[in-house]
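Protein chains: 2
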Amino acid sequence: MTRHTRYRGRVTRTNSRRTSRRAVYETLRRKVLTLELPPGAALSENELAASLGVSRTPVRESLILLVEEGLVQVFPQVGSFVSRVDPDKVADAQFLREAVELASLEDLPAELDPELVGELRRNLDQQHRPGLTVEDFFALDEEFHHGLLQLAGHGSAWATVVSAKGHLDRARRLGLQETPPEGFADQHVEIFEAVLSGDVAGARAAMRTHLRAVFDDVEAIRERSPELFASASGAVPVRRNVVVWE
Amino acid sequence: MTRHTRYRGRVTRTNSRRTSRRAVYETLRRKVLTLELPPGAALSENELAASLGVSRTPVRESLILLVEEGLVQVFPQVGSFVSRVDPDKVADAQFLREAVELASLEDLPAELDPELVGELRRNLDQQHRPGLTVEDFFALDEEFHHGLLQLAGHGSAWATVVSAKGHLDRARRLGLQETPPEGFADQHVEIFEAVLSGDVAGARAAMRTHLRAVFDDVEAIRERSPELFASASGAVPVRRNVVVWE
DNA sequence: CGCGCAGTACTTGTATACAAGCATCCGTCG
DNA sequence: CGACGGATGCTTGTATACAAGTACTGCGCG
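Line by line, the protein sequences are chains A and B.
The opening position of the first sequence corresponds to residue 1 in full-length UniProt numbering, with each subsequent residue numbered one higher.
The opening position of the second sequence corresponds to residue 1 in full-length UniProt numbering, with each subsequent residue numbered one higher.
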């Protein structure tokens, strides 16, 4: 059956259309990660839809994705809630990122991409700029770790790490409100210097120290603000009265 | 403002209700991973809904989750397709699982959980049973690797690995149609013996060899069946005529 | 004052209707 | 015969309606 038109070959262009769901998803995710929506807060699909000016559909689909990331819990016929920070999940994320980031250091090529190296340098400079807000430092921190993975050719593994470390991030963000980031910035420099000099073992050691320090920081937070963390066994959502902490 | 009833404390029971979306999601995911829905196949929300006897809603929500896992691609106003196996994503999954599984071996406790050890033993026995189907071996393989992670207290990291290794699994499944699994089963035994004897370095070496062998297997597949793999740059979905491979 | 019980309001899950956009088909024209 | 162009059908995105189920509220009773 010969066809007149073969190879119409319409290469479907970019799939990144500005869709309503994407906007809602990003908004909600940001609010959860920045604790603007605190752990335990009740999320009503209807309320969110109304406040965001959309229907339930994109809101609901966004919540499904956030559930997948562990940032939200949905109880059928009961309600949706920002999940409390789960210490087990924090530890899982810590293990995962440590495994991934340390392993990537073993795959660093002999010749580092000069462009990436330049970006990382500028990034580190900014990290030491005085008067940096917590949010700014966080963004730089993310970019730095992502950049290191890219340097080893494993940049796409970062997406997996990101989607798994939501619980870790929320705890950290809270901690950085009090702990100044200078120490972490210095550790970043130490890691980077080792990477530049080709000292894989040194880079691994520095990275491990750094990540462990971040993790210990979280443990300290937990002692000061246990309300944000989940207790053992399933949490107890209460629909209205978001009594979360006191 | 005193309230009459405090601590109503209705602990919301299990959230694992048998929902329609869950069933659809699991069905679709299984069909994609087992290649019953081959890479490149067109998925119509309407058709799927009709054939599964539900409305578009649960189908659509399932597809969103599958997109998140990279198993499906959705092009707005064009169509949804089972994603072709992307060599880059296969490599990413390989890197991730290697990093995680090797790192977990470092965290093995001195005293191994005897119950888990027993399970793993039985698992390995079954792997060597003759007449094993590919699907059976796959299930055992998954259980074995998951069990090893549990042995080190990192069982929950398996979920992340699973959600990232869909592309790797599809390629492997195709390969195992021809390559008998005996070799892999023997490697599993070797890893397990090293773990039991507390030989972390040996276990790491054996595990690395094993995972690399699996990966190389995938490369061999690709040469024989390039149709299932994505070419460089964005794939070209065609709505009707699922010309996928000639 | 405390408790129990029924009604009500709200929740999420699912089904359906409508909107916007793209690919295909087929007639027309060169 | 080949190429162009508009009508048509199908696609996903979004909005809305309905269903099933739960928690909260307030009344009546002991």
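The beta carbon of each residue, even a glycine, is placed where N, CA and C say it ideally should be.
In the displayed model, Ser51 of chain A falls within a helix according to three-state DSSP. When B:Ala164, B:Pro87, B:Glu61, B:Ala50 are compared, the shortest CA-CA separation from Ala230 of chain B is found for B:Pro87. Here Ala159 of chain B carries a helix assignment [DSSP, helix/strand/coil]. Close partners of Val100 of chain A in chain B (Cβ separation under 9 Å): Phe95, Leu96, Ala99, Val100, Ala103. One thing to note: Ile221 of chain A has its Cβ no nearer than 8 Å to the Cβ of Leu148 of chain A. The alpha carbon of Lys89 of chain B has as its nearest neighbour, out of A:Ala185, A:Arg204, A:His154, A:Glu106, the alpha carbon of A:His154. Residue contact check for Leu65 of chain A against chain B: a CB pair falls below 8 Å. Take Glu219 of chain A, set aside five residues on each side of it, and no residue of its chain has a beta-carbon closer than 6 Å to its own.
Residues of the same chain with a CB within less than 8 Å of the CB of Leu33 of chain A, apart from the 5 flanking positions on each side, are Leu71, Gly166, Asp169, Arg170, Arg173 in chain order. Beta-bridge annotation (DSSP): Gly79 of chain A is paired with A:Phe75. In its chain, beyond the 5 residues on either side, Leu52 have a beta carbon closer than 8 Å to the beta carbon of Thr27 of chain B.
Chain order gives no chain B residues near Pro87 of chain A, where near means a beta carbon separation below 7 Å; the closest approach is about 12 Å.
Listed by position along chain A, the residues whose Cβ is nearer than 8 Å to that of Ala164 of chain B are Thr160. Of the other Cβ atoms in all chains shown, 16 or more fall within 10 Å of the Cβ of Arg84 of chain A; this residue is therefore buried.
Unbroken beta strand (DSSP E) runs of no fewer than 3 residues, entirely contained in the region 185-217 of chain B, are not found. When beta bridges are read from the DSSP output, Val85 of chain A appears opposite A:Phe229. Taking a 10 Å sphere around the C-beta of Asp92 of chain B, we find 16 or more other C-beta atoms and assign the residue as buried.
In the three-state scheme derived from DSSP, where H, G and I count as helix and E and B as strand, Ala42 of chain A is classed as strand.
The Cβ neighbour count for Ser62 of chain B, taken over all protein chains shown within 10 Å, is at least 16; the residue is labelled buried. When secondary structure is reduced to three states using DSSP, Ala110 of chain B falls in the coil class, being assigned neither helix nor strand. Taking 8 Å as the cut-off between beta carbons, the residues of the region 145-157 of chain B near chain A are His154, Ser156, Ala157, in sequence order. Per DSSP, reduced to three states, the secondary structure at Gln177 of chain A is coil, with no helix or strand assignment. With respect to chain A, the C-beta atom of Asp125 of chain B has no partner C-beta closer than 8 Å. Taking C-beta atoms as the reference points, Ala206 of chain B and Glu190 of chain B count as a pair closer than 8 Å. By the C-beta density criterion, Gly198 of chain A is exposed, having fewer than 16 other C-beta atoms within 10 angstroms. Linking Ser225 of chain A to Leu176 of chain B through their CA atoms gives a straight-line distance of about 51 Å. Exposure of Arg30 of chain A is indicated by the presence of fewer than 16 other C-beta atoms within 10 angstroms of its C-beta. Excluding residues up to 5 positions away in sequence, Val54, Pro58 lie with their Cβ nearer than 6 Å to the Cβ of Ser20 of chain A in the same chain.
Close CB contacts of Ala164 of chain B within its chain, under the 6 Å cut and outside five residues either way in sequence, are with Ala93, Leu96 (chain order). Between Val100 of chain B and Ala99 of chain A, the CB-CB gap stays under 8 Å. In terms of beta-carbon proximity, Pro39 of chain B stays away from the interface with chain A, with every pair separated by 8 Å or more. A direct Cα-to-Cα measurement between Glu47 of chain B and Ala41 of chain B gives close to 13 Å.
About 5 Å separates the beta carbon of Leu37 of chain B from that of Val82 of chain B, a gap short enough to meet the 8 Å contact definition.
Membership of Thr19 of chain A in any alpha helix (DSSP H) is not indicated, and neither H nor E is assigned to it by DSSP. Of the residues A:His210, A:Ala203, A:Glu178, A:Thr179, the one whose Cα lies closest to the Cα of Gln187 of chain A is A:His210. Under the 8 Å criterion on CB atoms, Pro76 of chain B is classed as interfacial with respect to chain A.
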